[in-house]
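In the numbering used here, the protein residues as written are -16 to 237.
We put the CB at the ideal spot given by N, CA and C, even for glycine.
Written out below as structure tokens is the structure these notes cover.
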């Protein structure tokens, strides 16, 4: 155990992370880096990057009071295990096209991406012929909106799948989620209204994706199958709503 970890192990109070002693802050940063939540320096200086990583960790582990470090959070940080990423991942996520949806096919990339992930987890339609259309009616029934990421999370939970949405998700966190056998939903600036796809894997050049509309190029979309396409790292970084270092993403898991 490192000296930083000893500091965290012996911590028993409650303090806003921004006001933590530099030694304690370094111990937190070390754990966050180890778990892939933080890509910044381990310097004991708590700025926006460290706080965002701390929030992601607490949300992912269902720990309350996001700004605060307490004994329970300290214990959870110490349990983080190092994770070695494989060089390549490509999950067998089934592809679904939004073009044949019964309801609003031009605007249901969101629920179609949710449907792809649900089918990957073994969940299929129970009433409608297509899961995408069943999801649309579920949203309508409960008064939820498909354009709200919080309501897409509710859809996952309705079918027994865990999900957390992040507005600043590091790319390393996305790779780790994929490497653990879970797909990712990515929301980006593909069109003037935005567009949502499923990331199913990665390699040394970019991401393997299922695009519910077709194949995207800088000149626009081509009307062809969006199954198992390869989009470069640079492309998704350019289209990210959060800048090059992170993105909007849903991380569903069973």
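List the DSSP bridge partners of residue i.
i           : result
residue 212 : 192
residue 198 : 205
residue 178 : 171
residue 73  : 184
residue 231 : 170
residue 152 : 230
residue -2  : 52
Assign residue i to one of three DSSP states: helix, strand, or coil.
i           : result
residue 6   : helix
residue 165 : coil
residue 145 : strand
residue 108 : coil
residue 85  : coil
residue 45  : coil
residue 184 : strand
residue 33  : helix
residue 236 : strand
residue 223 : strand
residue 125 : helix
residue 52  : strand
residue 93  : helix
Suppose you measure from the CA of residue i to the CA of residue j; what does that come to, to the nearest Å?
i           : j           : result
residue 92  : residue 112 : 18 Å
residue -1  : residue 41  : 13 Å
residue 29  : residue 49  : 14 Å
residue 43  : residue 75  : 24 Å
residue 210 : residue 140 : 25 Å
residue 128 : residue 15  : 33 Å
residue 25  : residue 174 : 38 Å
residue 123 : residue 117 : 10 Å
residue 224 : residue 167 : 16 Å
residue 172 : residue 208 : 20 Å
residue 185 : residue 82  : 26 Å
residue 125 : residue 31  : 36 Å
residue 217 : residue 189 : 8 Å
residue 107 : residue 101 : 7 Å
residue 192 : residue 135 : 19 Å
residue 94  : residue 195 : 10 Å
With 16 other CB atoms within 10 Å as the buried threshold, where does residue i fall?
i           : result
residue 119 : buried
residue 56  : buried
residue 131 : exposed
residue -14 : exposed
residue 221 : exposed
residue 65  : exposed
residue 96  : buried
residue 257 : The question about residue 257 has no answer here: the residues shown for the chain are numbered -16 through 237.
Kindly give me the distance between the Cβ atoms of residue i and residue j, rounded to whole angstroms, as I take these residues to be in contact under 8 Å.
i           : j           : result
residue 162 : residue 72  : 5 Å
residue 160 : residue 234 : 5 Å
residue 115 : residue 84  : 5 Å
residue 104 : residue 237 : 5 Å
residue 99  : residue 69  : So it is not a contact: roughly 22 Å between Cβ atoms.
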